[in-house]
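**Student:** Quick one: the structure is below, questions incoming.
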Amino acid sequence: MDYAESTPDIRQAQDHSPAIQSWPPYQSTQLCCEPTAHIRAKNLSIAYHKHSVLQNVDLEINKGCITALVGPSGCGKTSFLMSINRLTDLIPTCRVSGQLHMNEVDILAPTTNLLLLRRQIGMIFQKPTVFPFTIKKNLEIPLREHGIHPKTSLASTIETALQQVGLWDEVKDRLNHPAQALSGGQQQRLCLARALVLAPQILLLDEPCSALDPISSGVVEDLIVSLRGQYSVVIVTHNLAQARRISDHVALFWSVDGVGQLIETGSAQHMFESPQHELTAAYISGARG
């Protein structure tokens, strides 16, 4: 799939550290990961009020890959994630500067159509946020908001999205039941289906398994892995084992003098087996963080 061609025009106007031996040998689960940047951040900085939380980040997110953002709390990972689909706009005191592009689209341009941008870039939060309606209505709402009204289109699109997240067989006979009656893991998968129902290109996941039990976490992890090649996935996680299991690329963020910075980025194999920065080596080994 050529992402550049399929993207709607949403611009309205237009010191070396040794390998960490505590980890088992890295085995890639990569299926389809294009060596082409889908998102490019250059000199990206984010501040709340006058307090800088992230400074001068240069990072590329590859198409079709799973990129994990790791690092201690308070180093700007979630703020970076939110800037990608301009959710930072919803925080009055937040200021984002620098450059941020999706393909050729200038995400930060004042002329950017945010409705179309957020259709292309979906976001899943740490805690499942289902709407207080039925399972079916949770998926109908975003479709209707984006102009998809015919019942036949709605029904088939909803079924496809639920099948993608492995929920169809579990809920097909109770689509008109309250979504809040689902288990935590099912609710998180429903939230993911709600994002997928709009056929986005990019998925942003902010610690999607942190509120789930180990079994539900495993189900969601397997689901994320199954999306590789179809979507560009950016996931914030504090779980290094999770990052190692599912990601193609890893970016380490760290707070330096109270300001978040990107310390090192590379393939998951590089980051876990032969990190270049001493902070990365210390964090991966458990000596820091």
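Under the numbering used here, think of the first position of the sequence shown as 3, with each following residue one higher. Glycine is no exception: its CB is placed at the ideal position from the N, C-alpha and C atoms. Only a predicted model underlies this, so the values are computations on that prediction, with no experimental measurement involved.
(1) If you draw a straight line from the C-alpha of Thr80 to the C-alpha of Leu56, how long is it?
(2) Report yes or no: do three or more beta-carbon pairs, one from the stretch 168-179 and one from the stretch 208-216, lie closer than 8 angstroms?
(3) Hey, quick one: how far does the alpha helix (DSSP H) through Ser2 stretch, first residue to last?
(4) I'd like to confirm the pairing. Which residues does DSSP put opposite Asp208 in its beta bridges?
(5) Ignoring anything shorter than 4 residues or poking outside the stretch 169-210, list the alpha helix (DSSP H) runs there in chain order.
(6) Nearest to Asn64 by CA position, among Val222, Leu205, Glu209 and Ile286, is which residue?
(7) Nearest CA to the CA of Glu223: which residue from Ala197, Glu172 and Val167?
(8) Per DSSP, which one or two residues make a beta bridge with Phe274?
(9) Take the Cβ of Glu106 as the centre, count every other Cβ of all protein chains shown within 10 Å, and call the residue buried at 16 or more, exposed below.
(10) What residues in its chain sit with their C-beta under 6 angstroms from that of Met273, if we drop five residues either side in the sequence?
(11) CB-CB under 7 angstroms to Ser219, same chain, minus the five flanking residues each way: which ones, in chain order?
(12) I need the straight-line Cα distance from Ser287 to His279, nearest angstrom please.
(13) Would you decide whether Pro130 is buried or exposed? Buried here means 16 or more other CB atoms lie within 10 Å of its CB.
(14) Pull the bridge partners of His251 from the DSSP assignment, please.
**Tutor:** Here's the rundown:
(1) As a working note, residue 80 is residue 78 in the sequence shown. As a working note, residue 56 is residue 54 in the sequence shown. Spanning the two alpha carbons is a distance of roughly 10 angstroms.
(2) no
(3) Past the boundaries of the shown model lies residue 2; the chain is included only from 3 to 291, so the question cannot be answered.
(4) Sequence index remark: in the sequence shown, residue 208 carries index 206 (1-based). For Asp208, which the question treats as bridged, DSSP gives the partners Val238.
(5) 170-173 and 186-198
(6) Here residue 64 corresponds to residue number 62 of the sequence shown, with the count starting at 1. When each option's Cα is compared against that of Asn64, the closest is Leu205.
(7) The residue you call residue 223 lines up with position 221 of the sequence shown. The residue with the shortest Cα to Cα distance from Glu223 is Val167.
(8) Within the sequence shown, residue 274 is the residue found at index 272, counting from 1. Phe274 is not bridged to any residue.
(9) By 1-based counting over the sequence shown, the position of residue 106 is 104. The residue in question, Glu106, is exposed, as its Cβ has fewer than 16 Cβ neighbours within 10 Å.
(10) Your numbering for residue 273 matches position 271 in the sequence shown. The answer, listed in chain order, is Val252.
(11) Start at 1 with the first residue of the sequence shown, and residue 219 comes out as number 217. Contacts found: Cys211.
(12) The residue labelled residue 287 in the question sits at position 285 within the sequence shown. The residue labelled residue 279 in the question sits at position 277 within the sequence shown. Cα to Cα, the separation comes out at about 12 angstroms.
(13) If you number the sequence shown from 1, residue 130 lands on position 128. Flag for Pro130 reads buried.
(14) As a working mapping, residue 251 is identified with position 249 in the sequence shown. His251 is bridged to Thr69 and Ser269.
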